[in-house]
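Each protein sequence line maps, in turn, to chains A and B. Everything in the first sequence is counted per the working numbering, starting at 1 for the first residue and increasing by one. Everything in the second sequence is counted per the working numbering, starting at 1001 for the first residue and increasing by one. Some notes on the structure that comes next.
Number of protein chains: 2
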Amino acid sequence: MPSPARVTFSAGSAGNYQIDSMLTVTGEPLPAATRLHVHEGAWQPAPGAVWSLLGVSGHVRYVEHAEKQRLAGVTPALGRPEATRAALIPIRKSEAWWNLAQDERRAILESQSQHIALGLRYLPAIARRLSHSRELGEPFDFLTWFEYAPEHGALFDELLHALRLTEEWRYVEREVDVRLTRL
Amino acid sequence: MPSPARVTFSAGSAGNYQIDSMLTVTGEPLPAATRLHVHEGAWQPAPGAVWSLLGVSGHVRYVEHAEKQRLAGVTPALGRPEATRAALIPIRKSEAWWNLAQDERRAILESQSQHIALGLRYLPAIARRLSHSRELGEPFDFLTWFEYAPEHGALFDELLHALRLTEEWRYVEREVDVRLTRL
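Have a look at this one:
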């Protein structure tokens, strides 16, 4: 019985990633910390963590068949040796977003904001994993995770900049951008 | 910060519903019990429960704008005094279902199976609440809950019969049908 994969991000003074910067894009900040520990498997906040965020990955929510195939062809695995930079960007959307019907959310996400098409343009340079938190009663709805080589840092910033200008991002009410280097 | 509502169904020898029958439709059964306790708010399995199932409700996953409006116009509230009968039907779908893209799942659910249209035909007689469990690592993906007056029992059976004949139901790998009377 394979279940959706669980992940715990714990920030504190220990962990397999060094926290290079924490930028509060929208809403409340997260407390400062120097290291991030990423734990896969059972939800397991690190003892003494300053903050911990739990997520679960799983099935796609908006991606359609043709997009899924295109993504599968170019999506790199996590953990590539050269991808020593990472970003954890937890996001919370507004009640207005969640009250929309499925077709309305899809229209904003893709027809108006080209979220999927935009992401595809930055593959395979940037590996990505989306975890869901909303159903767990967590402070964020999504925990987005990215891995890239140092020379792709500017490219990643460009992708974020484009996404933050979209119609979809008008529904983002909390976003923190945590930049990391793998130790 | 309103979060999706949580619910805990605990079966045992105490609770606000009498268990009239438990029918295993597909897959593994649930252990027998005589009462069901429904708890809303924090997830809180009743002490000594034979089994407990946790769920979380929230935004719609397939319903489109026009359907959402139609549903809002005819969906009755839970807890109507005359609706003394209830059913808890936990459902688990196969990995094949969850590996489909969003448009493929929507096509099976509505274009081929008319799940939403079918349900609309039985409103306002049958009140319904869908809770999600998959993201919580629970044994079922959904906990479906229905409330109806005794005279609508045959109507409810008809709805279930129609749903179980659909293309969508070929992806159901576990289903238990628990019938209840409010005490």
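Cβ coordinates follow ideal geometry from the N, Cα and C atoms, glycine included. Quick caveat: nothing in here was measured; it's all calculated off a predicted structure.
With contacts defined as CB atoms closer than 8 Å, A/V50 and A/G15 fail to qualify as a contacting pair.
When rounded, the separation of the alpha-carbon atoms in B/V1063 and A/L160 is 30 Å. Taking a Cβ-Cβ cut-off of 7 Å, the neighbours of B/Q1102 in chain A comprise V60, R61, Y62, V63, E64, given in sequence order.
Contacts with chain A at 8 Å (Cβ-Cβ) include B/E1135. No residue range can be given for A/Q114, since it is assigned to no beta strand (DSSP E) and is classified by DSSP as neither H nor E. Non-local beta-carbon contacts of A/K68 in its own chain, meaning distances under 8 Å to residues more than five positions away in sequence, involve V60 in chain order. For A/P31, the closest Cβ of chain B is not nearer than 8 Å. Only residues of its own chain outside the window of five on either side were considered, and among them R1085 have a CB closer than 8 Å to the CB of B/G1153, listed in chain order. Look at A/V74 here: in three-state DSSP terms it is helix. The segment 1097-1107 of chain B makes no contact with the segment 1032-1051 of chain B: fewer than 3 CB pairs, one atom from each, lie closer than 8 Å.
Residues of the segment 121-133 of chain A whose Cβ lies closer than 7 Å to any Cβ of chain B, in chain order: H132. Contact check for A/G27 against A/S133 fails: the beta carbons are separated by 8 Å or more. A/S57 is positioned such that its CB atom lies closer than 8 Å to that of A/S131. At a cut-off of 8 Å between C-beta atoms, B/W1051 does not count as an interface residue with respect to chain A. Per DSSP, B/F1146 is one residue of the beta strand (DSSP E) stretching across 1142-1148.
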